[in-house]
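**Q** In this text, residue positions in the sequence shown follow our numbering: the first is 1036, and each later residue adds one.
Even glycine gets a Cβ: it sits at the ideal position worked out from N, Cα and C.
Pasting a structure below so you can have a look.
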Amino acid sequence: MHKNLRSFIEVLRKEDQLTEVSAEVDPYLEIAEIHRRVIEEQGKALLFSNVKGSTFPVVTNLFGTVKRIELAFGKRPLEFVKRAVEMVDILVPPKIGKLWGYRDMGLTALRLGTRTVRSPPVLESRQPQVDLEKLPLLQLWHEDGGHFITLPLVYTESPSSHKPNLGMYRIQRYDKNTTGIHWQIGKGGGFHYFEAEQRRESLPVTIFLGGPPAMILAAIAPLPEDVPELMLASLLADSKIGVADNPIAGHHRLLSEAEFAICGYVPPDERRPEGPFGDHYGYYSLAHEYPVFHADAVFHRRDAIYPATVVGKPRQEDFFIGDYLQELLSPLFPLVMPAVKDLWSYGETGFHSLAAAVVKERYGREALSAGFRILGEGQLALTKFLLLTDKEQDLRDFGSLFEYILARVDWQRDLFILSQTAFDTLDYASGKI
């Protein structure tokens, strides 16, 4: 698929899926408001070439329709995952004849991983002195705490095992050199920072912007903690991900096709208020104390484009990305959770608020056990309402599913309320958000 952001933008241009705006626009509220009005009408991606206070253009609404999701990622990754699951079922125990029928899977697997690039575009330019205020960070809502990076690819490594994590955590700019970093509970980057703090060490962090669209999807995907996001990105991109040596000692390798790479560190025991921020639930999450990122260097392509998204009440871009991720990963659920046939979270509620599952009920209360298994799986632990049925249902059709459940539920027998559980720091129904 697309090896970088600009190749995807070029496809959008050819497919008449891009509106280019040459009039001056303000990153303070104006770009976000234009974006919201366009996405509400299922409009095109937006490329702003004249951004007040910055020399860099801004692109938004890259993934704001099903069509653009398909242009970004295609159907090949969906087919690969389905065939991989099918192969597990058919090839246990393995038989030579059947293995030959899946030889294409081996060829695809050979294209996964990373490759070293000697002259990476991301190193074409470097700020003489770090100045994050020259980047066109957006303020989305009036009561937001400031300007935020909303499509960051935050790369960290475990201080002990050196296992990598690529996540997407909002970044609030404080000044020219520092930002907040919103490491929520249960996030891989947060686990790495916890390790570093226990060792009384600073954690090296690299914030990438742009690169292959596959990197954005991989950073958001709720993968198990030890599954490298770069492998998923490589699968989505259908090629190895280009990486390059960092000229700064002690910092991570760089994504060669990124638009920007901000290299720095997060010291132990330093916190500053981060937020408020108008979030994807449609509410403001309040200011909380979060770790502080210190930037050592900013690299970028010579003609870098700054990618951003706008967060708010569904449906926004994260709705379409989330649904694609669910379609991609749903065939894996029965492998990880054998009693779960199907599982779906509803983007209209912000995903964490409502989910439903088709589960097995081969003995009394097996469905309840399956429900607890779901609630013990990573980010699914933050699910507020979980609906279970043992009959085949189209979980994507919530209206039909809900009617089916309401016609059969016995509230005294079938309703379970769990209190004193973990909840998301973005949860608008908690005592304080």
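Kindly list the residues whose CB is nearer than 8 Å to the CB of Ile1074, restricted to its own chain and excluding five residues on each side of it in sequence; keep chain order.
**A** Around Ile1074: Asn1096, Gly1099, Val1345, Arg1350, Gln1351, Glu1352.
**Q** How many Å lie between Asp1429 and Arg1400 at the Cα?
**A** Spanning the two alpha carbons is a distance of roughly 22 Å.
**Q** Helix, strand or coil for Gln1475, going by three-state DSSP, please let me know.
**A** Here the chain has residues from 1036 to 1468 only, and residue 1475 is not among them.
**Q** Kindly list the residues whose CB is nearer than 6 Å to the CB of Gly1411, restricted to its own chain and excluding five residues on each side of it in sequence; keep chain order.
**A** Nothing listed; no residue qualifies.
**Q** Nearest to Ile1251 by alpha carbon, out of Gly1277, Leu1186, Ser1274, Arg1161?
**A** Looking at the Cα atoms, Leu1186 is the closest of the given residues.
**Q** Where do the N-terminal and C-terminal ends of the alpha helix (DSSP H) with Gly1406 fall, by residue?
**A** 1401-1410 is the extent of the alpha helix (DSSP H) around Gly1406.
**Q** Taking the Cβ atom as the reference point for each residue, do Phe1295 and Phe1183 lie within a distance shorter than 9 Å?
**A** No, Cβ-Cβ distance for Phe1295 and Phe1183 is not below 9 Å.
**Q** Confirm, please, whether the CB-CB distance from Ile1069 to Val1056 is below 9 Å.
**A** For Val1056 and Ile1069, yes; Cβs fall inside 9 Å.
**Q** Verify whether the separation of the beta carbon atoms of Pro1303 and Arg1235 is less than 9 Å.
**A** Taking 9 Å as the Cβ cut-off, Pro1303 and Arg1235 qualify as a contacting pair.
**Q** Quick check on DSSP: helix, strand or coil for Gly1223?
**A** Here Gly1223 sits in helix by DSSP.
**Q** In whole angstroms, what separates the C-alpha of Ser1196 from that of His1315?
**A** Roughly 33 Å between the two C-alpha positions.
**Q** Near Gln1414, what residues of its chain come up, given a Cβ to Cβ distance below 8 Å and the 5 sequence neighbours on each side ignored?
**A** Counting only Cβ-Cβ distances below 8 Å, and skipping sequence neighbours, we find Gly1221, Pro1257, His1387.
**Q** Which residues does DSSP list as the beta-bridge partners of Asp1323?
**A** As written in the sequence, residue 1323 is His, which differs from the Asp given in the question. BP columns for His1323 point to Glu1309.
**Q** Expressed to the nearest angstrom, what Euclidean distance is found between the alpha-carbon atoms of His1177 and Lys1348?
**A** Rounded to whole angstroms, His1177 to Lys1348 spans 15 Å at the Cα level.
**Q** Output yes or no for whether 9 Å exceeds the beta carbon distance between Ala1231 and Val1301.
**A** Yes, the Cβ-Cβ distance between Ala1231 and Val1301 is below 9 Å.
**Q** My output table needs one value for Ile1452: the three-state DSSP class, helix, strand or coil.
**A** DSSP places Ile1452 in coil when its eight states are reduced to three.
**Q** Look at the Cβ atom of Pro1199, then the Cβ atom of Leu1265, and state whether they are nearer than 9 Å.
**A** Taking 9 Å as the Cβ cut-off, Pro1199 and Leu1265 qualify as a contacting pair.
**Q** Use the C-beta contact count for Thr1214: other C-beta atoms within 10 angstroms, 16 or more gives buried, fewer gives exposed.
**A** Per the 10 Å Cβ criterion, buried.
**Q** For Gly1382, count the other beta carbons within 10 Å of its own beta carbon; 16 or more makes it buried, fewer makes it exposed. Which is it?
**A** Label assigned to Gly1382: buried.
**Q** What does DSSP give as the partner residues of Gln1207 in its beta bridges?
**A** Phe1183, Gly1215, per the DSSP bridge assignment.
**Q** Within 10 Å of its beta-carbon, does Lys1079 have 16 or more other beta-carbons around it, so buried, or fewer, so exposed?
**A** Buried, by the Cβ-count rule.
**Q** Let me know the beta strand (DSSP E) ranges lying completely inside the stretch 1083-1120, each 3 residues or longer, listed in chain order.
**A** With a minimum length of 3 residues, the continuous beta strand (DSSP E) runs that stay inside the stretch 1083-1120 are 1093-1095.
**Q** Return yes when the Cβ of Leu1188 is within less than 9 Å of the Cβ of Phe1243, no when it is not.
**A** Going by C-beta atoms, Phe1243 is nearer than 9 Å to Leu1188.
**Q** Report the residue from Pro1092, Arg1161, Met1372 whose alpha carbon sits nearest the alpha carbon of Ala1332.
**A** Among Pro1092, Arg1161, Met1372, the Cα nearest to that of Ala1332 is on Arg1161.
**Q** Expressed to the nearest angstrom, what Euclidean distance is found between the alpha-carbon atoms of Leu1271 and Arg1336?
**A** About 23 Å.
**Q** Please classify Trp1379 as buried or exposed, where buried requires at least 16 neighbouring CB atoms within 10 angstroms.
**A** Trp1379 should be labelled buried.
**Q** Whose C-beta lies closer than 8 Å to the C-beta of His1323 among residues of the same chain, with five residues either side of it excluded?
**A** So the list reads Pro1308, Glu1309, Gly1310, Thr1460, once near-sequence residues are dropped.
**Q** Quick test of the definition: if touching needs 3 or more C-beta pairs under 8 Å, does the stretch 1363-1376 touch the stretch 1082-1096?
**A** Contact between the stretch 1363-1376 and the stretch 1082-1096 is absent, because fewer than three Cβ pairs lie under 8 Å.
**Q** Select from Asp1061, Pro1062, Ser1042 the residue whose C-alpha is nearest the C-alpha of Leu1053.
**A** The option with the nearest alpha carbon to Leu1053 is Ser1042.
**Q** If I measure Cβ to Cβ from Lys1419 and keep anything under 6 Å in the same chain, skipping five residues before and after, which residues do I get?
**A** Ser1388, listed in sequence order.
**Q** State buried or exposed for Arg1111, treating a residue as buried only when at least 16 other CB atoms are found within 10 Å of its CB.
**A** Under this definition Arg1111 is an exposed residue.
**Q** Out of Val1394, Arg1306, Leu1290, Val1371, which has the shortest C-alpha to C-alpha gap to Gln1207?
**A** Nearest option by C-alpha distance: Arg1306.
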